[in-house]
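Only one structure is covered here, and it is reproduced in the block below.
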Amino acid sequence: MVDHRSAPASHHAELHGPADAGQRGQRITDEFHLNQEQYGDIEFAFGWGFAAGSLVLGILADVISVRWLYPLVLLGWSATGFLSGMTHGYLPMLACRGLLGFFESGQWPCALRTTQALLSGGQRSLGNSVLQSGASLGAIFTPLILRFMVAGNPAVGAWRPAFMMIGALGLVWIVAWLASVRHGDFAVVQVKTSDAPSAFAWWREIYRDRRFWALVVMVIAINIIWHIIRAWLTKFLQQGRHYSEADALLISSGFYIATDIGCLLSGAAALWLTRRRGDSHRARLWVFGVCSAITALTSVTGLLSKGTLLLLMLYVVGAAALGLFPCYYSFTQELSARHVGKATGLLSAIGWLVASPLQKYFGRLVDQTHSFDLGISLIGWVPCVALAAMLIFWRHNPENESR
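The sequence shown begins at 1 in the UniProt record's numbering and counts up one residue at a time.
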C-alpha cells in the first residue's frame with residue numbers, strides 16, 4: 001500500500017506534464033517563426049538542462065533531506081515556468097526551457113528517494129508506476145485547459161497565460177508537501193561502512209558494474225521513444241494528419257489518459273507476477289519486454305492516415321511507452337540503497353544527454369522530408385535494444401529483492 005507521504009511526490013510530478021512546450025508547439029513555432037529543427041532545438045535545450053540538473057540535484061538528494069530539497073526544486077521550476085510565459089523570441093524561450101529542464105529533473109531523485117524509503121523491493125514497481133502516472137495527470141488536463149483558453153482564439157500570445165497560471169500552481173504543492181511530511185521523515189540514510197561503499201568508491205565501482213551499463217542503454221532508449229512522441233504529438237496531429245487545433249488538444253488529452261493507464265497497468269502487472277512467481281526482477285523484465293514489443297507498433301502508426309485506427313494505435317503505443325518507466329526506476333533502485341540519488345541522477349543525465357540531440361535531428365528530418373512518418377515509424381524499435389542489453393549484461397541476484 002502506498003504511504004500517504006508519497007502523495008505530494010506524485011502530485012509534484014503531476015505538475016511537470018504541463019511544462020512541455022509540445023502542447024503549445026504549433027502556436028510557439030508560428031509566433032516565433034521557427035522551422036521544425038529550431039523547435040527541436042527548444043526541446044534539445046530542455047533535455048540538456050534536465051541532464052545537468054539530474055547530476056547536480058541527484059547528488060544533493062543523497063546528502064540533503066528531500067523534505068527540504070523537494071520544495072526548493074519545485075520553487076525554481078514554478079518561477080521558471082511563470083517566466084516562460086513572458087518570453088518574446090527564440091533565444092529567451094530557449095534559455096527558459098533549459099532552466100525549466102534543470103529544475104524539473106530534481107523531482108526524480110527526490111521522488112525515488114521517497115518510494116525507496118516507503119516501499120519494499122517487490123512493491124516498488126507499483127509504487128513507481130503511481131508516481132510516474134502522476135506526471136501524466138498534468139498533461140491530461142493541460143490540453144483541456146488550453147482548448148478552453150486558446151483554441152479558436154487567433155490572438156498572438158494567447159498561450160502565455162496558461163504558462164504563467166500553471167507555474168504559479170506549483171506554490172500550492174509546496175505547501176501540501178511541507179504540511180504532509182514530518183521533520184524526521186526521509187532523513188538521509190546512514191549505512192555502515194561495511195554494508196555499503198563510500199561515495200568515492202561508489203563512483204569508481206559503478207562503472208565496473210555490468211548492470212549499470214545495461215541501465216545506460218535502457219534509459220537512453222526509453223527517453224528517446226517517450227520524449228520524441230511527447231514533444232511532437234500535437235504537431236504530428238495538426239501538420240502531419242491535418243487535425244484542427246481543438247481536436248489535436250482533445251486527442252492529446254486522451255493520449256495522456258492512455259499513458260496513465262498503461263503506466264499503472266505496468267506496475268500492477270509487475271506486482272502480480274512478483275506475487276505469483278516470487279521474483280520481482282524477472283517480473284519487471286517480462287513487463288518491460290511486453291511494453292517494448294508494443295512500442296514497435298510505431299512502424300504501423302507512421303503508415304496510418306487520419307482516423308480512428310490511427311488514434312487507437314497512438315494510445316496503445318503511448319501506454320506501452322510510459323509503461324517502460326516504472327520498470328526502469330525499479331531496476332535503478334536495485335543498484336544501491338545508499339546512493340540511489342546519484343545512481344538515478346547519473347543515469348538520467350546520460351539518457352537526456354544522448355536522447356535530447358535527436359529532437360533537433362528529428363525536426364531536421366521533418367524539414368527535409370516534409371513528413372513525420374519516417375521518424376515516427378523508426379523510434380518504436382529502440383526499447384527492444386534496451387531489452388537485449390538487460391538480457392545480456394544484467395546478472396540477476398535474488399538476494400537484492402528485499403533491498
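Ideal Cβ positions, reconstructed from N, Cα and C, are used throughout, including at glycine.
When you compare only the Cα positions, how much space is there between residue i and residue j?
{"i": "VAL385", "j": "ALA321", "result": "14 Å"}
{"i": "THR259", "j": "GLN368", "result": "30 Å"}
{"i": "GLY106", "j": "PHE50", "result": "8 Å"}
{"i": "residue 483", "j": "TRP286", "result": "It is not possible to answer for residue 483, since the shown part of the chain is limited to 1 through 403."}
{"i": "PHE288", "j": "ARG277", "result": "16 Å"}
{"i": "HIS16", "j": "GLU104", "result": "For HIS16, the predicted structure reports a pLDDT of 46, less than 50, and the residue's modelled location is therefore unreliable. A value from the coordinates is still provided. Cα to Cα, HIS16 sits roughly 7 Å from GLU104."}
{"i": "PHE148", "j": "GLU245", "result": "11 Å"}
{"i": "ARG208", "j": "LEU60", "result": "23 Å"}
{"i": "LEU34", "j": "ILE28", "result": "8 Å"}
{"i": "HIS11", "j": "LEU178", "result": "Confidence is the limiting factor: at HIS11 the pLDDT is only 42, short of 50, which leaves the residue's position unreliable and the question unanswerable from this model."}
{"i": "MET390", "j": "PRO154", "result": "49 Å"}
{"i": "LEU271", "j": "PHE141", "result": "28 Å"}
{"i": "GLN26", "j": "LEU304", "result": "22 Å"}
{"i": "VAL63", "j": "LEU264", "result": "31 Å"}
{"i": "LEU273", "j": "SER180", "result": "32 Å"}
{"i": "PRO357", "j": "PHE200", "result": "30 Å"}
{"i": "ALA248", "j": "GLY76", "result": "30 Å"}
{"i": "GLN238", "j": "ALA269", "result": "35 Å"}
{"i": "ILE251", "j": "LEU311", "result": "8 Å"}
{"i": "ILE166", "j": "THR87", "result": "15 Å"}
{"i": "LEU146", "j": "ARG182", "result": "36 Å"}
{"i": "GLU37", "j": "ARG275", "result": "47 Å"}
{"i": "MET164", "j": "LEU309", "result": "36 Å"}
{"i": "ALA79", "j": "TRP68", "result": "17 Å"}
{"i": "TRP173", "j": "ILE257", "result": "22 Å"}
{"i": "ARG204", "j": "TRP226", "result": "31 Å"}
{"i": "ASP30", "j": "TYR243", "result": "16 Å"}
{"i": "VAL316", "j": "SER377", "result": "14 Å"}
Residue i and residue j look like a contact to me (Cβ under 8 Å); what is the Cβ gap, rounded to whole Å?
{"i": "TRP394", "j": "ARG210", "result": "7 Å"}
{"i": "VAL66", "j": "CYS110", "result": "4 Å"}
{"i": "residue 417", "j": "PRO326", "result": "Beyond the ends of the chain as shown, which are 1 and 403, falls residue 417; an answer cannot be given."}
If you follow the alpha helix (DSSP H) that residue i is part of, which residue opens it and which one closes it?
{"i": "TYR207", "result": "Segment: none, TYR207 is in no alpha helix (DSSP H) and carries neither H nor E."}
{"i": "GLN36", "result": "36 to 61"}
{"i": "ALA321", "result": "308 to 333"}
{"i": "PHE362", "result": "357 to 369"}
{"i": "ALA283", "result": "280 to 295"}
{"i": "ALA269", "result": "245 to 277"}
{"i": "MET390", "result": "382 to 393"}
{"i": "LEU237", "result": "No alpha helix (DSSP H) contains LEU237, which DSSP labels as neither H nor E."}
{"i": "TRP159", "result": "Per DSSP, TRP159 belongs to no alpha helix (DSSP H) and is neither H nor E."}
{"i": "MET93", "result": "90 to 105"}
{"i": "ALA79", "result": "66 to 84"}
{"i": "LEU374", "result": "373 to 379"}
{"i": "THR301", "result": "298 to 301"}
Please name the residue in the options whose C-alpha comes closest to that of residue i.
{"i": "TYR361", "options": "GLY76, LEU91 and GLY375", "result": "GLY375"}
{"i": "LEU55", "options": "TRP108, SER244 and PHE212", "result": "TRP108"}
{"i": "PHE255", "options": "SER78, ASP373 and GLY138", "result": "GLY138"}
{"i": "LEU83", "options": "GLY98, LEU72, THR114 and MET313", "result": "GLY98"}
{"i": "THR115", "options": "LEU309, ILE174, GLN238 and THR332", "result": "THR332"}
{"i": "GLY101", "options": "LEU57, THR298, SER371 and ALA248", "result": "LEU57"}
{"i": "ILE392", "options": "ILE174, ARG113 and PHE212", "result": "PHE212"}
{"i": "CYS291", "options": "ASP62, ARG275, TYR328 and VAL150", "result": "TYR328"}
{"i": "ALA293", "options": "ILE257, GLN359, ILE379 and ILE229", "result": "ILE379"}
{"i": "LEU335", "options": "ALA214, ALA248 and VAL172", "result": "ALA214"}
{"i": "GLY219", "options": "VAL66, LEU309, ILE166 and LEU346", "result": "Correcting the residue identity first, residue 219 is Val in this sequence and not Gly. When each option's Cα is compared against that of VAL219, the closest is LEU346."}
{"i": "ARG113", "options": "THR344, SER377, ASP373 and VAL366", "result": "THR344"}
{"i": "ARG160", "options": "MET93, ARG204 and TRP173", "result": "MET93"}
{"i": "VAL366", "options": "TRP68, TRP173 and LYS235", "result": "LYS235"}
Find out if the Cβ-Cβ distance for the pair residue i, residue j is shorter than 9 Å.
{"i": "GLY40", "j": "ARG364", "result": "yes"}
{"i": "GLU43", "j": "ALA231", "result": "yes"}
{"i": "SER266", "j": "GLY323", "result": "yes"}
{"i": "PHE32", "j": "TYR70", "result": "no"}
{"i": "GLY318", "j": "GLY262", "result": "yes"}
{"i": "ASN223", "j": "VAL354", "result": "yes"}
{"i": "LYS342", "j": "TRP202", "result": "yes"}
{"i": "LEU387", "j": "LEU314", "result": "no"}
{"i": "ALA162", "j": "VAL175", "result": "no"}
{"i": "PRO383", "j": "ALA168", "result": "no"}
{"i": "ARG284", "j": "SER348", "result": "no"}
{"i": "GLY240", "j": "GLY170", "result": "no"}
{"i": "SER280", "j": "TRP381", "result": "no"}
{"i": "GLN359", "j": "ILE228", "result": "yes"}
{"i": "GLY85", "j": "VAL216", "result": "no"}
{"i": "ALA95", "j": "ALA45", "result": "yes"}
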